[in-house]
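Protein chains: 2
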Amino acid sequence: MTITVSIDCMGGDHGPHVTVPAALDFVRQFADVRVILVGMTDRLQPYLGDRVDPRVIVRHASEVVAMDDSPAITLRTKKDSSMRVAIDLVRNGEADACVSAGNTGALMAISRFVLKMLPGIDRPAICSVLPTLTGQTYVLDLGANVDCTPEHLLQFGLMGASLVSAVEHSERPSVGILNIGEEAIKGNEVVKRAAELLWDSGLNFVGNVEGDGIYKGAADVIVCDGFVGNVTLKASEGVAQLLATFLRQEFRRNLFTKLAALIALPVLSRFNRRVDHRQYNGASLLGLRGIVVKSHGSADVLAFSRALQRAAEEARNGVLARINERFARLSPLQEIA
Amino acid sequence: MTITVSIDCMGGDHGPHVTVPAALDFVRQFADVRVILVGMTDRLQPYLGDRVDPRVIVRHASEVVAMDDSPAITLRTKKDSSMRVAIDLVRNGEADACVSAGNTGALMAISRFVLKMLPGIDRPAICSVLPTLTGQTYVLDLGANVDCTPEHLLQFGLMGASLVSAVEHSERPSVGILNIGEEAIKGNEVVKRAAELLWDSGLNFVGNVEGDGIYKGAADVIVCDGFVGNVTLKASEGVAQLLATFLRQEFRRNLFTKLAALIALPVLSRFNRRVDHRQYNGASLLGLRGIVVKSHGSADVLAFSRALQRAAEEARNGVLARINERFARLSPLQEIA
């Protein structure tokens, strides 16, 4: 089976300069994938050269969604944008998944309008992988929903567990809910009620997880509302940058420390590779009738290529069918909720 | 002027084993302080030895608040607990500030009941200092209030700015609000309304700050509700621990890397000292008619001693008067809010 990924090549801070080389890398690395590069052909061409590859298809789109375009206006007016066309390709079955580094709000709005939600799911959620002491964890929502009901958080749990089941081949991934204490009485009313729903959901629910539990690997899937998730994710990036900066400053302090850095270079390089956030690029927009992966806007070739791999993995492992199946199985519960 | 700090010596994971040596260190380091050690005298005595120091006073208290005691029951029944007596000493003027590493919920409840709130302030907030690329920032609330109104967030801004004015001697500290984007349209309704109130407050308000902005030093004071603040703080600790563990693992991988670690040791030690979270121990309970500082439960001597220093600094710099003054000046605005 060949997986076809449509790519919004004009999105992100660097556009085709990053997206096209990443797509070519991706095709080179994986024999079972094809890409449809969507964008202004004259802007894509310089990065393609004379290369002819049946697995690299170019599709012209005359417009571009800007980073500050309003989602609503983009939806109404930019019908031939590279983002819109890339998503249309998923809807009409020409592509199995779509990747964009563009405007998140527009990507959410267009995906929701074009692809529609899966049955039983109210709102899409943004899900990303984070490193932990024991491996990795999937956290959602990371910013699509600033206000959530307990039912939304339950749906996030079900979607996240389906994603992990499919992609990590783990049958009963553990699911936790982000809270300010481990005891059941902690937290606000929404989180307490969501925990009750999750205990009754048939998921392998492990209860409350505190902020540091994310990185201790307290659960395979951690649910939270989009406000908390977004702030937590960005604060985590902030801490990592702060520590990296301090470490660099200490190694650059004087001649002796610079010499020490030289000797420690192989160790520091391994450490840098291990904590390289580019490895974790690519957030899934879950709940849609189609696979959409959002890359960080500032992604470079390595990072964007990781987002493409994530999209292909989801398609390869039938994530949508998994989510559908789980919601179908739980539909009586859904009606109660 | 002598600053008297009352210490709940029985609180925290280690009790007198940590609190008493930290208190003695503190008195040794600062000529203008006195301590009142509150707790079971027979438990404190072994750490005091034969030492006689007019600046170290011992006050017996027959009970101890356990880490899992309910705040409400503690308040009603444990009237001779070391925590309660230490706070009573602040109320009746024998101490200028109080420090405890005990049960946070009980400390909040007792402080609020015994000391009462300052005029114009509805709820206490927990405020802590975090390191940034450019220095440090004060973040509140870190967990006292899981649901906040816009007016509460405004009060946090006013209290935080008063604290920074007093302790850091900065006349117009900048104040930001934690949000999921920098644009004014981002976030939930509470945060948007709080931002409007903060723009009109007379504070040096700089608008929305994203999660990573905390560590970039985007503002001197950053306000958020206690749920977001608590999760963010703990997630930050989790990331720091994760990175420290990865770094240690890489340096312990083989003989060569261990040798590199040995050579890099002075650099790594400096780095460790710089990111040592013990330096930042001691969260202020703001909004009360008295200075109360909460130490981390697991604090060691160095960390607990930092919390004592924080309490003394607040007393020395008249934090309460500052908060009072600012709320008095803004009282017409308060009434509108």
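Read top to bottom, the protein sequences are chains A and B.
Numbered according to the numbering used here, the first sequence spans residues 85 to 421.
Numbered according to the numbering used here, the second sequence spans residues 85 to 421.
Glycine residues also receive a C-beta, built at the ideal position from the N, C-alpha and C atoms.
Identity of the residue in B/Thr329, B/Ile120 and B/Val359 nearest methionine 94 of chain B by Cα: B/Ile120
Measuring alpha carbon to alpha carbon, tell me which of A/Ala179, A/Glu147, A/His380 and A/Leu173 ends up nearest threonine 43 of chain A. This structure cannot settle anything about residue 43 of chain A, because the visible part of chain A is limited to 85 through 421.
Give the residues of chain B in contact with tyrosine 364 of chain A, contact being defined as C-beta atoms less than 9 Å apart. Those do not exist, as tyrosine 364 of chain A stays about 13 Å from chain B at its closest Cβ, beyond 9 Å.
Measure the C-alpha to C-alpha separation of histidine 236 of chain A and aspartate 206 of chain A and round it to an integer number of angstroms. 7 Å
Nearest-angstrom Cα separation, counted from aspartate 360 of chain A out to alanine 324 of chain B: 14 Å
Strictly by DSSP, which residues pair up with methionine 201 of chain B? B/Leu372
Do the region 312-326 of chain B and the region 334-345 of chain A touch if we need at least three Cβ pairs shorter than 8 Å? no
DSSP bridge partner residues for histidine 101 of chain A (one or two, in chain order): In the DSSP output, where bridge partners are listed per residue, histidine 101 of chain A has none listed.
In the DSSP assignment, find the alpha helix (DSSP H) that holds serine 320 of chain A and state where it starts and stops. 310-335
Using the Cα positions of histidine 380 of chain B and aspartate 296 of chain A, report the straight-line distance between them to the nearest angstrom. 15 Å
Suppose contacts are defined by Cβ-Cβ distances below 8 Å. Is valine 305 of chain B in contact with tyrosine 222 of chain B by that definition? yes
Can at least three beta-carbon pairs, one atom from the region 207-221 of chain A and one from the region 235-251 of chain A, be found at a separation below 8 Å? yes
For aspartate 134 of chain B, count neighbouring Cβ atoms within 10 angstroms of its own Cβ and tell me buried if that reaches 16, exposed if not. exposed
Residues near arginine 97 of chain B by beta carbon distance below 7 Å, same chain, minus five either side: Per the sequence shown, residue 97 of chain B should be read as aspartate rather than arginine. The residues are Gly381 and Ser382.
Just to confirm the assignment, what range does the beta strand (DSSP E) spanning arginine 118 of chain A have? 117-123
DSSP-derived helix/strand/coil call for glutamine 418 of chain A: Because the pLDDT of glutamine 418 of chain A is 47, which lies under 50, any placement of that residue in the model is unreliable, and the question is left without a value.
At least 3 beta-carbon pairs within less than 8 Å: the region 272-284 of chain A vs the region 272-291 of chain B: no
Name the one or two DSSP bridge partners that proline 215 of chain B has. B/Gln220
Taking its Cβ as the centre, do 16 or more other Cβ atoms sit within 10 Å of threonine 59 of chain B, making it buried, or is it exposed? Absent from the structure is residue 59 of chain B, since the part of chain B shown begins at 85 and ends at 421.
Is the shortest distance between the beta-carbon of isoleucine 420 of chain B and the beta-carbons of chain A less than 8 Å? Only weak support exists for where isoleucine 420 of chain B lies, its pLDDT of 43 falling under 50; the coordinates are left without a value.
At what residues does the beta strand (DSSP E) containing glycine 366 of chain B begin and finish? Note, glycine 366 of chain B: premise wrong, no beta strand (DSSP E); not H, not E.
Against chain A, with Cβ distances strictly below 8 Å, would arginine 400 of chain B count as a contact? no
Arginine 277 of chain A touches chain B at which residues, Cβ-Cβ below 9 Å? Ordered by position in chain B, no residue passes the 9 Å Cβ test against arginine 277 of chain A, which lies about 13 Å from the chain.
Can you find the residues in the same chain that come closer than 8 Å, C-beta to C-beta, to threonine 341 of chain A, ignoring five residues on each side of it along the sequence? Glu334 and Phe335
I need the boundaries of the alpha helix (DSSP H) containing arginine 42 of chain B, first residue and last residue. This structure does not reach residue 42 of chain B, given that chain B is present from 85 up to 421, and the question cannot be answered.
Can you tell which of B/Arg362, B/His253, B/Arg332 and B/Asn338 has the C-alpha that lies nearest to the C-alpha of leucine 349 of chain B? B/Arg332
Fully enclosed by the region 227-271 of chain A, which beta strand (DSSP E) runs are 3 residues long or longer? 258-262
If the cut is a Cβ gap below 9 Å, which residues of chain A does proline 215 of chain B touch? Leu326 and Phe330
Residues bridged to histidine 144 of chain B by DSSP? B/Gly123
Can you grab the Cα-Cα spacing for the pair glycine 301 of chain A / arginine 394 of chain B, in whole Å? 33 Å
Chain A residues whose Cβ lies nearer than 8 Å to that of phenylalanine 110 of chain B: Per Cβ cutoff of 8 Å: no residues; phenylalanine 110 of chain B is ~27 Å from chain A at best.
Could you list the residues in the region 348-378 of chain A with a C-beta less than 7 Å from some C-beta on chain B, going in chain order? Ala348, Val351, Arg354, Phe355, Arg358 and Val359
Can you pull out the residues from the region 164-181 of chain A whose beta carbon lies closer than 7 Å to at least one beta carbon of chain B? none
With distances taken Cα to Cα, identify the nearest neighbour of valine 307 of chain B among B/Val377, B/Ser90 and B/Cys232. B/Cys232
Taking 8 Å as the threshold (beta carbon to beta carbon), is isoleucine 306 of chain B in contact with chain A? no
According to the neighbour-count rule (16 or more other Cβ atoms, all chains shown, within 10 Å of its Cβ), is threonine 103 of chain B buried or exposed? buried
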